[in-house]
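Reading through the structure tokens given below for one structure.
There are 2 protein chains.
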Amino acid sequence: MSIKTIAILMPGDMGHGCAIAFRENGFRTVTNLSERSERTKALSAKAGLEDLGSFEEVAKQSDIVLSILPPENALDQGRRFAAAMIAAGSTPPYVDCNAVSPAKTREIAAEIDQAGALYIDGGIIGSNPVNEKGGTRLYVSGSDTAAIRELDGRGMVVRDIGDEIGRASGLKMVYASATKGTFSLHAAVLTTAHAMGLTEEYISELSESRPAMFSAMENMVPRIPLDAGRWLGEMNEIAATFKEACVTSKFHEGAAEIMELAHRTPISHETRETVDTSRTLIEALDMYVAARKGVKDAAD
Amino acid sequence: MSIKTIAILMPGDMGHGCAIAFRENGFRTVTNLSERSERTKALSAKAGLEDLGSFEEVAKQSDIVLSILPPENALDQGRRFAAAMIAAGSTPPYVDCNAVSPAKTREIAAEIDQAGALYIDGGIIGSNPVNEKGGTRLYVSGSDTAAIRELDGRGMVVRDIGDEIGRASGLKMVYASATKGTFSLHAAVLTTAHAMGLTEEYISELSESRPAMFSAMENMVPRIPLDAGRWLGEMNEIAATFKEACVTSKFHEGAAEIMELAHRTPISHETRETVDTSRTLIEALDMYVAARKGVKDAAD
Chain P
630 MSIKTIAILM
640 PGDMGHGCAI
650 AFRENGFRTV
660 TNLSERSERT
670 KALSAKAGLE
680 DLGSFEEVAK
690 QSDIVLSILP
700 PENALDQGRR
710 FAAAMIAAGS
720 TPPYVDCNAV
730 SPAKTREIAA
740 EIDQAGALYI
750 DGGIIGSNPV
760 NEKGGTRLYV
770 SGSDTAAIRE
780 LDGRGMVVRD
790 IGDEIGRASG
800 LKMVYASATK
810 GTFSLHAAVL
820 TTAHAMGLTE
830 EYISELSESR
840 PAMFSAMENM
850 VPRIPLDAGR
860 WLGEMNEIAA
870 TFKEACVTSK
880 FHEGAAEIME
890 LAHRTPISHE
900 TRETVDTSRT
910 LIEALDMYVA
920 ARKGVKDAAD
Chain A
630 MSIKTIAILM
640 PGDMGHGCAI
650 AFRENGFRTV
660 TNLSERSERT
670 KALSAKAGLE
680 DLGSFEEVAK
690 QSDIVLSILP
700 PENALDQGRR
710 FAAAMIAAGS
720 TPPYVDCNAV
730 SPAKTREIAA
740 EIDQAGALYI
750 DGGIIGSNPV
760 NEKGGTRLYV
770 SGSDTAAIRE
780 LDGRGMVVRD
790 IGDEIGRASG
800 LKMVYASATK
810 GTFSLHAAVL
820 TTAHAMGLTE
830 EYISELSESR
840 PAMFSAMENM
850 VPRIPLDAGR
860 WLGEMNEIAA
870 TFKEACVTSK
880 FHEGAAEIME
890 LAHRTPISHE
900 TRETVDTSRT
910 LIEALDMYVA
920 ARKGVKDAAD
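Chains as they are written, first to last, in the working numbering: chain P, 630 to 929; chain A, 630 to 929.
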């Protein structure tokens, strides 16, 4: 089979970027925007995604379906699309590209299996393919990944890492556990230092003995709030993955708490386009410390 | 007052290194080795520390006392030395240099205050002064730090960061929370990847997209077990510090679990002198994965 039409469910920051990259490589891209937000509709229009108006129509017209959304919605999306495939009598391969645990991807696979469609486990590493100039990696696993491998080098890099459903999701979990785990830890450390009135001494010591660590903190901590709302679910999926592997889940339970804290700062109302890039690290830390208020009041 | 004799309680890896550095700068160094291990006695002899046989004698003959030991022993050491000062009728300034929370250092201060001696809060950043060629930082805080500041540039760097007991310990906690927090997180991540059979794929992706992170993992993860037993208490003190600041304590509760895991590997029986430096990262990960056994059996 040769892929011509790719469905993207649902086109947010990552999804609309994938759609742009696929269109530039000659594919038709489609979606279903019923009940979606104005922001999603705007991103979708920007990416040139066709709104087919229903999942049934998407099932009928697509050669492959990519689910790209916040992890907490992945299972529900799988269920709804499975029902739509049954109703439409059309079963294109379904690739779950979401940041979910191996256990969760197996749950979604069971829904898709029941509809009689092929399920491919996927995990995206890297940012939006537009920013990465097509270098974003889509790791996939499953019994038959031929359909998704047709897209390799045509908008994204596609890498097959084995037959087992759960491997691609597992790799995504492990990868994000270190990167997002580290900057969440940094935010916790700086918030604690700032709450204790030790920011100046800490930054001074760190700039001297660990300049690379300080630079990483300075770059990332003020930007976490922009995505913290959507990363919260991902931290919960990572905690579940570690628990399943009999390794402590507490680092990522802590990271989830930091995402909640960051999401309560006023910075979380900004976007990549509107973020105040002149804000200093100290100004951001003032906001993190203030956002502890609910936590602190409960403790007092 | 001019310091001539410095007491070091108790001379382990860090303490004996400090003693060597102070002796090279012309100070007399003393301790009490009663009830101490053969290893401590050997390190003490290597450092040229005089064993005065009792804490009372140490109280009488010292111009300043530095407590340098695992954090879980710091309060008991403070209590015992306070009693010895009362019995000896001699009250040299007492500097707690241990990795303890601000709340814990205030508890120790209360013991020393009762004996009528001056308490100085301290926190050591950097490794053994012999390795650091005198550049190890001893941060101190308290109402009167003049005595310890006499040692600045004479074996260690001494930096006063304020009047309040808890500031120096707080800075140590924050500093160690990022450094030891990061490599504990790395160990958790790699153990999870290895348990899931994804090590090769993860290392390959990481080497490409985050080579500095991979290099940090490769250097440190196989070495954590050498010190994990003594770092466990430090992770608990950091968790308490974060909780007191109303920031999530879970990162360092997780780090404590990793220290326990690392301490169960066969590598923990090695020392800096006997460590197998030819061991590969994969061989170390085999040991981490196997050490989960107790945890895994309980979960199965």
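By construction, the Cβ of each residue, glycine as well, lies at the ideal position given by its N, Cα and C atoms.
Reduced DSSP category for residue i - H, G, I as helix; E, B as strand; rest coil
i, result
"residue 708/P", "helix"
"residue 737/P", "helix"
"residue 772/P", "coil"
"residue 850/A", "helix"
"residue 668/P", "helix"
"residue 915/A", "helix"
"residue 767/A", "strand"
"residue 759/A", "coil"
"residue 781/P", "strand"
"residue 876/A", "coil"
"residue 652/A", "helix"
"residue 820/A", "helix"
"residue 938/P", "Residue 938/P cannot be examined here, being either before or after the span of chain P that is shown, 630 to 929."
"residue 806/P", "helix"
"residue 902/P", "coil"
"residue 742/P", "helix"
"residue 894/P", "coil"
"residue 631/A", "coil"
"residue 825/P", "coil"
"residue 883/A", "helix"
"residue 907/P", "coil"
"residue 844/A", "helix"
Cutoff 8 Å; reference residue i; Cβ partners in own chain excluding five residues on either side
i, result
"residue 855/A", "896, 897, 899, 900, 901, 904"
"residue 811/A", "845"
"residue 683/A", "661, 663, 713"
"residue 733/P", "700, 703, 704, 798, 866, 869"
Residues sharing a beta bridge with residue i, DSSP
i, result
"residue 696/P", "638/P, 725/P"
"residue 748/P", "723/P"
"residue 867/A", "Paired residue(s): none; residue 867/A is not in a bridge."
"residue 787/A", "767/A"
"residue 679/P", "659/P"
"residue 754/A", "766/A"
Same chain, Cβ closer than 6 Å to residue i, neighbours up to 5 away in sequence not counted
i, result
"residue 776/A", "693, 722"
"residue 872/P", "878"
"residue 649/P", "676, 759"
"residue 745/P", "720"
"residue 789/A", "769, 774"
"residue 800/P", "752, 768"
"residue 656/A", "635"
"residue 731/P", "795, 798, 799"
"residue 672/P", "640, 645"
"residue 865/A", "885"
"residue 869/A", "730"
Contacting residues, own chain, Cβ-Cβ under 7 Å from residue i (five flanking each side not counted)
i, result
"residue 791/P", "770"
"residue 689/A", "717, 719"
"residue 816/P", "850, 853, 887, 891, 917"
"residue 706/P", "638, 696, 698"
"residue 643/P", "697, 753, 757"
"residue 913/A", "850, 851, 896"
"residue 761/P", "755"
Distance cut-off 7 Å: residue i Cβ against heavy atoms of the ligand GTP
i, result
"residue 742/P", "No copy of the ligand GTP occurs in the structure displayed, which carries no ligand at all."
query = Got a sec: which bits of the stretch 868-888 of chain A sit with their beta carbon under 9 Å from any beta carbon on chain P, in order along the chain?
reply = Listed in sequence order: 870, 871, 872, 873, 874, 875, 876, 877, 878, 879, 880, 881, 882, 883, 884, 885, 886, 887.
message = Short of 8 Å Cβ to Cβ, which residues in the stretch 745-769 of chain A face chain P?
response = Listed by position along the chain: 754, 755, 766, 768.
query = What are the residues of the stretch 703-736 of chain A that lie near chain P, defined by any Cβ-Cβ distance shorter than 7 Å?
reply = Per Cβ criterion, the list is empty.
request  = Residues of the stretch 777-804 of chain P with a CB closer than 7 Å to any CB of chain A: list them in chain order, please.
outcome  = Listed in sequence order: 790, 796, 799, 800, 803, 804.
inquiry  = By the 7 Å beta-carbon criterion, what residues does the stretch 816-827 of chain A contribute toward chain P?
reply    = Using a CB distance below 7 Å, the part of the stretch 816-827 of chain A facing chain P consists of 817, 818, 820, 821, 822, 824, 825, 827, ordered along the chain.
ask   = Using a Cβ cut-off of 9 Å, which residues of the stretch 843-866 of chain A contact any Cβ in chain P, in chain order?
value = Hits within the stretch, in order: 846.
ask   = Using a beta-carbon distance cut-off of less than 9 Å, what residues from the stretch 637-667 of chain A approach chain P?
value = Near chain P, meaning a CB-to-CB distance below 9 Å, no residue of the stretch 637-667 of chain A qualifies.
request  = With 7 Å as the C-beta to C-beta threshold (strictly closer), list the residues of the stretch 689-704 of chain A near chain P in chain order.
outcome  = Per Cβ criterion, the list is empty.
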